[in-house]
Each structure stands twice: as C-alpha cells, then as structure tokens.
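Residue numbers (the working numbering), protein chains in the order written: chain A, 865 to 1001; chain B, 1225 to 1411.
Take a look at the structure set out below.
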Amino acid sequence: MKLLKFLFVGIFFGIVLVKSEAVSWYRIFEMFKFQSFHMYGIIGSAVILGIIAIWVIKRTGLKSIDKESINIPPKDKGMFRLLIGGTIFGFGWALAGACPGPMYILVGTGVFSMLLVIGGAILGTFLYGLLRDKLPH
Amino acid sequence: MDAILQPWPWYVSGPLITLVMITLIYFGKTFGMSSNLRTMCSLGGAGKYATFFKLDWKAQRWNLTVVAGAIIGGFIAVTFLSDGSVIDLNPKTVSDLKALGFKNAGATLLPPELYDWDHVWSLKGLLILVGGGFIVGFGTRYAGGCTSGHAITGLSNLQWPSFVAVIGFFIGGLFMTHVLFPLIFTA
C-alpha cells in the first residue's frame, strides 16, 4: 500500500500539532501578542533544523524512497501576491485560529464546528481560482 | 509516559515538525497542507468553472491521505495521549482575553466562545468561522502556501518568496489581534 505511509505521516503530524498546542487558538493569540516564546520556539527550531536538513540532502544528493533525485519545487515569486495574499491569510489565521493543517486535526479532536471553517476555506480557494486571472500577482 | 501525556515543549515539537517535512521530502513529495483545499475544489467539480482546478486529483491522493491521517492523529492525541492539562498560557494573555470576553482561556484547545454550537449559530458566530476560513483559503492560495508550505518548508529551503509571505502572515495576524479584535470582541 503506497498510500499507507502517508497515512502514518499524517497521524504523526496530527499528534505532534496537538501535543505542541500549535493547533490552539489561544497559542496563536498569545504569539501575536508576543507574550510567549512557545510558538516562536516551535516554528524557529523547525526552520533552523529544516535549513540544516535540506542543506544536507542537497549536499549528499540523497535519493528519495523511490530512488529518484530529490527536488523541492521553488516557490512562485510575485511581491504583491505574497504580501497581500499573506496578509489576508494572516487575518484568517488569527481570527479562526487555524491554518490549513490544524483545521483537519481539530476536527479529529472532536471540534466539529471546525467543518464550517474548512467549508469557508474551500469556498475561499474556489473564489481565488475564479478570480486568478484578474488578480494582480 | 508522563512526559508523553503532558504538553510537549517547543524544543521537542519543532524538530518533530521538521521530521514530518523531511519524511515527506524523502517520500518524493512536499509538505504543503493548503494544496488539499485546491484538490477538494477539483474533486467537487470546480474544474468546470476555472482552469486552475483542472488538475489530476489522483496525483494528489497522497496529500489527501495525509489529511485523513491528521484527523486520526488529532483523535489519538486527545483520546489516548492527553492528561487534560490546561494550556500554560502567559497570565497576561489570559487577562487580555478576559477583557475581550473569553473566559477560562486555555482550558480547551479552542475558545468555546467561538466554537461551541451555542455560539456558532448566530450571525456573528457564523461570520467569524465561515469568514475566517474563507480568508484563510483565499489568502493561502493567493500567497501560494500556508504555514507548512511557506513558513516551514519555504523558509527551510531559503526561499525569499516564503520570507515575504511570512511577513504578510504577521502583518495580517498582528493587525487582526491588536486592532480588529477589540472591535469584534467586547466583554
């Protein structure tokens, strides 16, 4: 089962994000209030270790599990879309207290009203897809 | 076992998130949760309305599987791996929240004032959840990624677009928390 390994990654991801409290609306509020190091520590240590790990992968030319060369797609550029899109995302992140990973995890914790947030997020993505050619990037 | 049941400190959680990212990269994929929202649009037939959604969703099955796992992981974490500890928030955060009308901050993962069904079924409650989700979905696609794709993977891969996007995340989050919250929420 090729997909099974991804199920396990997801399960692990869900557990880590709940146990770290990174899925908590309160922790995100606290972060934006600069009243705790907790979230900065999580993101900061993940990124610092990530920089080292990706550097090692590139240096050693590590192959993927399917023996293919690893390439991490570069992010699309465009100052306007990054800054404006990012800011809009930030509004929602603080308001709903959930980004696109935690919203699923939180459903698993039993908060079914989160399905409304997910529904909204799907609609928001849909609207972006409709307007994509008309929006400045 | 106690250490597992209690909340995990940042220096354990952060590296474990790196492990998730690296595992997905090793599996030949990438860590980006918001892409699933686009896939779900495609699954729902959005390809009829915009070429942006004309994609082979089967190629994204792996990521939908991560989503399914994440839901299961959330369930496992609260059911078997928690001792019911309250979130150890800064007392200042708790009192700031009280001033905004949020009681017992940290007793649950999410504020009942927003997520309990009693509060959801009001115009304001619905607008906050559906509207909040809506701008998360719109903004993340416009910016080309969310916390996992930009803040974790993009920054780890030293991508300047991700750095700009994360600055945007914070401009929005700070404005919402400091300027709009006092207007939206009043005790």
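We treat Cβ as the ideally placed atom computed from N, Cα and C, and that holds for glycine.
Contact under 9 angstroms by Cβ, residue i with residue j
i	j	result
GLY1297 of chain B	ILE879 of chain A	yes
TRP889 of chain A	ALA962 of chain A	yes
PRO1406 of chain B	LEU1324 of chain B	yes
GLY1356 of chain B	ALA960 of chain A	yes
PHE953 of chain A	HIS1001 of chain A	no
GLY1293 of chain B	PHE990 of chain A	no
GLY993 of chain A	CYS1265 of chain B	yes
LYS883 of chain A	ILE1228 of chain B	yes
PHE896 of chain A	GLY1397 of chain B	yes
GLY956 of chain A	ILE1395 of chain B	no
GLN1284 of chain B	SER1319 of chain B	no
MET903 of chain A	ALA886 of chain A	yes
LEU1020 of chain A	ILE934 of chain A	Outside the modelled stretch of chain A, which goes from 865 to 1001, sits residue 1020 of chain A, for which no answer is possible.
Proximal chain B residues relative to residue i, where beta-carbon distance stays under 7 angstroms
i	result
GLY961 of chain A	LEU1334
ARG923 of chain A	Correct list: empty, because the minimum Cβ distance to chain B is about 14 angstroms.
Under the three-state DSSP convention, the category residue i falls into
i	result
LYS941 of chain A	coil
LYS897 of chain A	coil
LYS866 of chain A	coil
SER933 of chain A	strand
LYS1327 of chain B	coil
LYS927 of chain A	strand
ASN1260 of chain B	helix
PHE1277 of chain B	helix
LEU1305 of chain B	coil
ASP1340 of chain B	coil
LEU999 of chain A	coil
Chain-ordered neighbours of residue i on chain A, where CB pairs are closer than 7 angstroms
i	result
ASN1314 of chain B	GLU894, GLN899 and SER900
GLY1361 of chain B	GLY984, ALA985, ILE986, LEU987, GLY988 and THR989
ASP1342 of chain B	Chain A residues near ASP1342 of chain B: none, gap ~10 angstroms exceeds 7 angstroms.
PRO1231 of chain B	LYS883 and GLU885
ASP1320 of chain B	LYS897
LEU1407 of chain B	Ordered by position in chain A, no residue passes the 7 angstroms Cβ test against LEU1407 of chain B, which lies about 12 angstroms from the chain.
Chain-ordered neighbours of residue i on chain A, where CB pairs are closer than 8 angstroms
i	result
GLN1383 of chain B	PRO938 and LYS939
THR1401 of chain B	PHE893, PHE896, LYS897 and ALA958
THR1410 of chain B	Near THR1410 of chain B there are no residues of chain A at all, since even the closest Cβ is about 15 angstroms away, more than 8 angstroms.
Amino acids of chain A, ordered along the chain, whose beta-carbon sits closer than 9 angstroms to that of residue i
i	result
ASP1307 of chain B	Those within 9 angstroms of ASP1307 of chain B in chain A number zero; the least Cβ separation is about 11 angstroms.
GLY1396 of chain B	GLY950, THR951, ILE952, PHE953, GLY954, PHE955, GLY956, TRP957 and ALA958
From the options, residue whose alpha carbon lies closest to that of residue i
i	options	result
VAL920 of chain A	B:GLY1238, B:TYR1339 and B:SER1380	B:SER1380
PRO1044 of chain A	B:MET1400, B:MET1245, B:ILE1391 and B:TRP1384	This structure leaves residue 1044 of chain A out entirely; chain A is present only between 865 and 1001.
ILE912 of chain A	B:THR1377, B:GLY1392 and B:SER1346	B:THR1377
PHE876 of chain A	B:LEU1279, B:ASN1287, B:ILE1300 and B:LEU1382	B:ILE1300
8 angstroms Cβ cut-off: residues of chain B touching residue i
i	result
LYS869 of chain A	PHE1251
LYS998 of chain A	Under the 8 angstroms cutoff, chain B gives no residues; its nearest Cβ is about 11 angstroms from LYS998 of chain A.
Practice item. Scan the region 1255-1272 of chain B for residues whose Cβ lies nearer than 8 angstroms to a Cβ of chain A and list them as they occur along the chain. Key: MET1257, SER1258, ASN1260, LEU1261, ARG1262, MET1264, CYS1265, GLY1268 and ALA1270
Check your understanding: Just by C-beta distance, which residues in the region 1235-1246 of chain B are closer than 7 angstroms to chain A?
Key -> TYR1235, SER1237, GLY1238, PRO1239, LEU1240, ILE1241, THR1242, VAL1244, MET1245 and ILE1246
Exercise for review: May I ask you to list, following chain order, the residues of the region 1344-1358 of chain B that have a beta carbon less than 8 angstroms from some beta carbon of chain A?
Suggested key: VAL1344, LEU1350, ILE1352, LEU1353, VAL1354, GLY1355, GLY1356, GLY1357 and PHE1358
**Study point:** Proximal residues, the region 1273-1286 of chain B versus chain A, C-beta separation under 7 angstroms
**Key:** TYR1273, ALA1274, PHE1276, PHE1277, ARG1285 and TRP1286
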